[in-house]
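Going by our numbering, the first residue of the sequence shown is number 7, and it counts up by one from there.
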Amino acid sequence: MTEVERRAALDAIGAEVAVCTRCRLHQTRTTAVPGQGTAATEVMFVGEGPGFNEDRAGLPFVGQAGSLLNELLESIGWSRSEVFITNVVKCRPPENRDPEPDEIAACAPFLTRQLEALDPALVVTLGRFSMARFNPGARIGQVHGTFRAADANSGAGGALTYAMYHPAAALHQTSLKDTLFKDMEGVPSALMDARRLRAARASEAARPAIAQSSAALTPEADFDPTNHSGLF
Ligand code: SF4
């Protein structure tokens with residue numbers, strides 16, 4: 007997919023999200039929040055769901071947690087304009103409660119399609135609901151600051167995931183702020199590992215084709231008197 011095609015796919019998903027009524031969250035939202043960011047990125051940040059400010063603005067991570075995410079990105083020399091940011095559910099759960107399993111399931115196809123459109127090398131999960139989507143069964147207290155392959159059923163089968171606490175957690179528990187900044191330091195190297203994994207897979211996938219083309223260059227093929235393709 008070209009960057010233009012990716013942008014078009016993301017915009018089409020956003021237009022569907024804006025009018026979606028698949029789950030009860032549409033009844034209480036002000037504005038759906040599909041996601042924000044460039045279509046030319048290798049990195050996707052996935053949070054839990056919109057909060058009060060996001061619901062008003064229609065944009066992800068624009069409140070206090072969003073300011074902290076901006077600071078975290080700046081701490082490694084990145085900016086949010088270089089990544090794509092979205093959530094597991096695209097509409098605000100009332101009173102910022104946890105999203106229910108049926109709401110997550112109803113919204114899952116949108117995230118899957120965003121992943122297909124962007125095909126990110128690295129997915130940074132923010133919080134346990136996002137982590138559970140990509141690495142079911144993992145415990146955030148044990149895996150934050152580490153990367154692993156995304157579950158094949160997550161929609162990001164070819165990506166690495168890097169687990170972090172949700173920035174909002176540090177607003178309630180200030181000791182987590184240092185942890186978030188320390189974990190963020192590992193994101194660039196996780197991206198390097200994700201790139202290496204991709205390159206290794208691409209080279210493995212190309213191997214049968216190389217073997218096939220080598221087979222076509224057997225001495226018999228070279229000396230086939232009816233094969234003149236190499237001469238023209
Ligand atoms: S949370 Fe997702 S599935 Fe539910 S109404 Fe919003 S966009 Fe639709």
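We treat Cβ as the ideally placed atom computed from N, Cα and C, and that holds for glycine.
Counting along the chain, no alpha helix (DSSP H) covers threonine 152, and no H or E run does either.
Each residue's CA atom was taken as its position, placing valine 130 and cysteine 29 some 25 Å apart.
Taking every protein chain shown into account, the CB of alanine 46 has fewer than 16 other CB atoms within 10 angstroms, so this residue is exposed. In its chain, beyond the 5 residues on either side, Ala45, Ala123 and Leu124 have a beta carbon closer than 7 Å to the beta carbon of arginine 12.
According to the DSSP secondary-structure assignment, glutamine 42 is paired through a beta bridge with Ile91.
Beta-bridge pairing by DSSP links valine 129 to Met50 and Thr167.
By the neighbour-count criterion, in which a residue is buried when 16 or more other Cβ atoms sit within 10 angstroms of its Cβ, histidine 172 is buried. Straight-line measurement puts the Cα of glutamine 148 at about 26 Å from the Cα of phenylalanine 90.
Methionine 7 and aspartate 189 have their C-alpha atoms some 31 Å from each other. Any heavy atom of ligand 1 within less than 5 Å of a residue's beta carbon puts that residue on the list, which reads Val23, Cys26, Arg28, Cys29, Leu31, His32, Val95, Lys96, Cys97, Ala112 and Cys113.
Remark: three or more beta-carbon pairs, one from each stretch, lie closer than 8 Å, so the region 179-194 and the region 68-81 are flagged as touching. Between alanine 176 and the set Tyr168, Arg204, Arg154 and Leu132, the nearest pair of CA atoms involves Leu132. Using a Cβ-Cβ distance cut-off of 8 Å, the region 63-78 and the region 150-157 are not in contact, since fewer than three pairs of beta carbons, one from each stretch, lie closer than that value. DSSP places aspartate 104 in no alpha helix (DSSP H); its state is neither H nor E. If you look at asparagine 76, you'll find it in the alpha helix (DSSP H) that goes 70-81.
Apart from sequence neighbours up to five positions away, the residues of its chain that approach valine 23 with a beta-carbon distance below 7 Å are Ala38, Pro40, Lys96 and Phe116, ordered along the chain. In this structure, the beta-carbon distance from glycine 55 to proline 105 falls below 7 Å. Your pair valine 49 and proline 126 checks out as a contact, with CB atoms roughly 6 Å apart and the cut at 8 Å. Its Cα nearest to that of aspartate 199, the residue Thr152 stands out among Thr152, Arg119, Ala162 and Trp84. Comparing alpha carbon positions, the residue from Gly161, Gly64, Ser73 and Asn59 closest to glutamine 42 is Gly64. Only residues of its own chain outside the window of five on either side were considered, and among them Ile146 have a CB closer than 6 Å to the CB of arginine 134, listed in chain order.
According to the DSSP assignment, phenylalanine 187 belongs to the alpha helix (DSSP H) that extends over 181-190.
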